[in-house]
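Note sheet for the following structure.
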Amino acid sequence: MKKRYVVSIVLFLLVFPIIGFSSTYTFTDDFNDGNLNGWTSIGANHWENSGDSLQSSSWDYSTIVLDGSNQASEYQSITVDAYFDIHDASNSNRIAQLRLRTESSWGNGYLADFQEGGLYLYAGGGEIARFSYASSPIIDDSWNRLRFDVLGTGSNTNLKLWVGDSVYLDFDYNNTNLINDTGFSGLGRLIEYDNVTAISSDNAPVPEPATMLLFGIGLLGLAGVSRRKE
Ligand SMILES: [Ca+2]
Ligand SMILES: [Ca+2]
Ligand SMILES: [Ca+2]
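Note that the numbering used here has the sequence shown beginning at 1104, numbered continuously upward.
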């Protein structure tokens, strides 16, 4: 019986650091309810929750953002479906822009620019990295899942740009001069969006499922050993 208590305490101490100190804020919107509660428009407002998606009516650099007041600083991520209509004259420049740690004066912060030919990454208004696809993963006349992650702060900041399940740009950046460590998440440019998830956390993202599975097997093994000893 006492050993069982000891095992329980050991298990608690192993699991507690993972769940105990993590503060994570998650915002989701499927744009199906027709209102933009939780969103703030910066600059000119060209945004409309029309039908079951978010649409912009202008090429203007207008941005719609989530309030940054309760966003944590260590890890931020925004994932969204964007509808690309390209390959015709009027829509050839259609671009999706995802923003993280952006300020109310939205010239600051990080901006990820998703284009058919490649990816562009900006900080504080200047380009810091770019990637050209060998073969574009962006599909015309289709929904493409995009994701932008920022992990770490200051001189130890990592930025990742995803299309679908693949990371296409993985960039370490020293932002000591910018100090873009908190702020809003946002979406911009003339494009249609749906199914957004924005996460901010005091911790690095949770371990991959495979890692959690190994961890779980380890715990079961520990429990089994203690049971045999009894
Ligand atoms: Ca809504
Ligand atoms: Ca929707
Ligand atoms: Ca098209």
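No residue lacks a Cβ here, since even glycine has one placed at the ideal position from N, Cα and C. This one's a predicted model, so the numbers in the text were calculated from it and none came from an experiment.
Nearest-angstrom Cβ-Cβ length linking residue i and residue j, presumed shorter than 8 Å
i, j, result
"LEU1249", "VAL1270", "The Cβ separation is near 12 Å, so there is no contact."
"SER1235", "TYR1128", "At roughly 34 Å, the Cβ-Cβ gap does not stay under 8 Å, so SER1235 and TYR1128 are not in contact."
"ILE1294", "ALA1185", "5 Å"
"ARG1197", "GLY1291", "Their Cβ separation, rounded to whole angstroms, is 12 Å, which puts ARG1197 and GLY1291 out of contact at 8 Å."
"LEU1264", "ALA1215", "5 Å"
"TYR1296", "VAL1253", "Actually they are not in contact, since the Cβ atoms of TYR1296 and VAL1253 sit about 19 Å apart, beyond 8 Å."
"ALA1307", "TYR1276", "So it is not a contact: roughly 16 Å between Cβ atoms."
"VAL1168", "TRP1142", "7 Å"
"SER1126", "ASP1305", "5 Å"
Helix, strand or coil at residue i according to DSSP, with G and I counted as helix
i, result
"SER1156", "strand"
"ARG1250", "strand"
"ALA1215", "strand"
"SER1288", "strand"
"SER1245", "strand"
"SER1346", "Missing from the structure shown is residue 1346; the chain here goes from 1104 to 1333 and no further."
"SER1193", "helix"
"PRO1120", "Confidence in PRO1120 is poor, its pLDDT being 48 and thus under 50, which makes the residue's placement too unreliable to answer from."
"ALA1175", "coil"
Residue range of the beta strand (DSSP E) that includes residue i
i, result
"GLU1230", "1229–1235"
"ASP1305", "Premise fails: ASP1305 is in no beta strand (DSSP E) and is neither H nor E."
"ARG1202", "1199–1205"
"ASN1261", "1260–1266"
"LEU1187", "Checking the sequence, you will find Phe at residue 1187 rather than Leu. Taken as a continuous stretch (DSSP letters only), the beta strand (DSSP E) holding PHE1187 covers 1178–1187."
"PHE1134", "Premise fails: PHE1134 is in no beta strand (DSSP E) and is neither H nor E."
"GLY1221", "1221–1226"
"THR1166", "1166–1169"
"ILE1294", "Note, ILE1294: premise wrong, no beta strand (DSSP E); not H, not E."
"SER1144", "1142–1145"
Ligand 5 heavy atom lying under 7 Å from the CB of residue i
i, result
"LEU1169", "Only ligand 1, ligand 2 and ligand 3 can be found as ligands here, which leaves ligand 5 out of the picture."
Discussion item. Check whether the region 1183–1201 and the region 1141–1154 touch, using three or more Cβ-Cβ pairs below 8 Å as the test.
Written reply: no
Worksheet entry | Stretch-stretch touch, CB-based, cutoff 8 Å, three pairs: the region 1225–1232 with the region 1174–1191 | no
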